[in-house]
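Numbering (my numbering), first residue to last: 16 to 245.
C-beta atoms are modelled at their ideal positions from N, C-alpha and C, and glycine is treated no differently.
Notes follow the structure.
Written out as structure tokens, the structure is:
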């Protein structure tokens with residue numbers, strides 16, 4: 016409960032909705048089977064056609080780095096996949112034989128009269144926290160300004176939800192290695208992780224996706240809410 020309250024306070028400070036903290040109602044950790052969907056899948060050609068229907072249970076209540084292989088990218092419109100989310104992009108990552116949901120904000124609730132568009136940047140940078148190694152690396156640290164030299168007044172562009180969905184999806188390659196700096200609530204929700212954006216709470220807990228994390232040229236996908244300065 017204490018950990019969940021901390022995550023809620025982080026989210027509220029950043030302007031995101033509670034849906035980014037608490038997984039969708041009815042979500043369960045699954046039994047560890049990959050559960051790849053074989054019926055009722057989204058239209059061919061989307062990156063959700065191989066979306067999983069069951070999820071792993073090995074994410075602990077912590078901020079960390081999830082290293083795995085990209086299984087599916089589930090847009091809000093892909094409602095035939097398990098546990099869809101109407102204002103988040105769900106990135107499904109396979110790690111050690113099970114699939115996990117990384118739930119990425121693509122729309123702000125506009126609290127405090129802020130712009131609902133998220134700010135987004137693609138930043139080439141060496142992978143932080145050590146070399147890519149398949150698994151959940153609890154305790155990994157990421158801070159946009161100190162780890163990456165990224166600041167709110169340089170390089171970020173606001174995107175409407177549908178445009179951001181397309182932008183991020185275009186960068187993610189099915190079957191490729193990927194890393195996600197993210198927060199999990201653990202316990203009953205150990206199959207999902209959230210807060211993939213700048214978090215103004217505890218230091219070094221900023222969320223991000225990383226494309227080509229095991230290469231010489233990793234690419235960080237960064238997100239933050241209007242109204243934040245760093």
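Quick check: the Cα distance between residue i and residue j, rounded to an integer number of angstroms?
| i | j | result |
| --- | --- | --- |
| residue 158 | residue 219 | 4 Å |
| residue 230 | residue 148 | 12 Å |
| residue 225 | residue 81 | 10 Å |
| residue 196 | residue 108 | 12 Å |
| residue 198 | residue 152 | 11 Å |
| residue 131 | residue 103 | 13 Å |
| residue 168 | residue 242 | 11 Å |
| residue 166 | residue 113 | 35 Å |
| residue 185 | residue 209 | 20 Å |
| residue 164 | residue 222 | 15 Å |
Determine the extent of the alpha helix (DSSP H) in which residue i is found, giving its start and end residues.
| i | result |
| --- | --- |
| residue 193 | From DSSP, residue 193 is part of no alpha helix (DSSP H) but of the beta strand (DSSP E) over 192-199. |
Check this for me: beta carbons of residue i and residue j, under 8 Å apart or not?
| i | j | result |
| --- | --- | --- |
| residue 141 | residue 233 | yes |
| residue 66 | residue 97 | yes |
| residue 202 | residue 76 | yes |
| residue 179 | residue 62 | no |
| residue 238 | residue 115 | no |
| residue 139 | residue 192 | no |
| residue 183 | residue 117 | no |
| residue 122 | residue 176 | yes |
| residue 245 | residue 173 | no |
Strictly by DSSP, which residues pair up with residue i?
| i | result |
| --- | --- |
| residue 173 | 134 |
| residue 153 | 79 |
Could one say the Cβ of residue i lies closer than 8 Å to chain B's Cβ atoms, at least one of them?
| i | result |
| --- | --- |
| residue 79 | Going by chain labels, chain B is absent from the structure shown, which holds only one protein chain. |
Contained beta strand (DSSP E) runs [length at least 3] in the stretch 57-139, N- to C-terminal order
The stretch 57-139 contains these whole beta strand (DSSP E) runs: 77-89, 103-110, 113-120 and 133-139.
Go through the stretch 180-243 residue by residue and report every complete run of the beta strand (DSSP E) that reaches 3 residues or more, in order.
Complete beta strand (DSSP E) runs here, min 3: 192-199, 223-226 and 234-239.
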